[in-house]
Amino acid sequence: MSRDWTPKQLYLVDKQMNNKLRNQTITLELNGEITIIHDPNGDMEKTFPNLTFIGGDVFKRLKEKSSVEFIYDVESVLTAITELLDSYDNPAREIADLDIEANVKESLWQLAKLVRDWFEGKLDPGFYYNELNNAIFFRKAFRNV
1360 MSRDWTPKQL YLVDKQMNNK LRNQTITLEL NGEITIIHDP NGDMEKTFPN LTFIGGDVFK
1420 RLKEKSSVEF IYDVESVLTA ITELLDSYDN PAREIADLDI EANVKESLWQ LAKLVRDWFE
1480 GKLDPGFYYN ELNNAIFFRK AFRNV
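Each number in our numbering comes from the position in the sequence shown (counting from 1) with 1359 added on.
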């Protein structure tokens, strides 16, 4: 069995491929039924480009359980995190609290640090599959919604 990529790893692979993954329609066929997983031309993908691609299941659950304002905040800090990562000489480098505090408005620091930990796969110390990392993110995020 293969292990899941962390959101950061997915982002970096896509970036290395010049966004070829995020610019493709991704489908899943199960029992003859095709489900669209990611449609780069969809309204949600245009509004929340990082969260819909990197966050997939996280985005779907946020849509069910939180306010639109909160989803915008998550997209905003995720975008800031990817921009920080893009500015590093070494993309494998961990994103420091000080970098978040210098690049995200203060009212979003706590959320940005949570999103950063989820993005790096650190919410699950033994990250192998993304389910626990996502579940811990939801538990912590919804406590603050």
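We treat Cβ as the ideally placed atom computed from N, Cα and C, and that holds for glycine.
Closer than 8 Å: residue i CB and nearest the ligand FMN heavy atom
i	result
residue 1447	Judged by which ligands are present, the structure shown has none, so any question about the ligand FMN falls away.
Residues bridged to residue i [DSSP beta-bridge criterion]
i	result
residue 1394	1387
Residue i, buried or exposed, once every other Cβ within 10 Å from all chains shown has been counted against 16
i	result
residue 1434	buried
residue 1366	buried
residue 1393	exposed
residue 1500	buried
residue 1498	exposed
residue 1370	buried
residue 1381	buried
residue 1404	buried
residue 1411	buried
residue 1400	exposed
Supposed close pair residue i, residue j - CB separation, criterion 8 Å
i	j	result
residue 1417	residue 1493	6 Å
Residues of its chain near residue i, where Cβ-Cβ distance is below 7 Å and the 5 sequence neighbours each way are ignored
i	result
residue 1495	1482 and 1483
residue 1474	1433, 1436, 1437 and 1440
residue 1472	1456 and 1459
residue 1463	1436, 1439 and 1471
residue 1443	1454, 1458 and 1462
residue 1477	1366, 1492 and 1496
Spatial neighbours of residue i in its chain, beta-carbon cut-off 6 Å, leaving aside the 5 residues before and after
i	result
residue 1384	1398
* Asked: Where in the region 1418-1476 do unbroken runs of the alpha helix (DSSP H), each at least 4 residues long, occur, reported from the N-terminal end onward?
  -> 1427-1446 and 1456-1462
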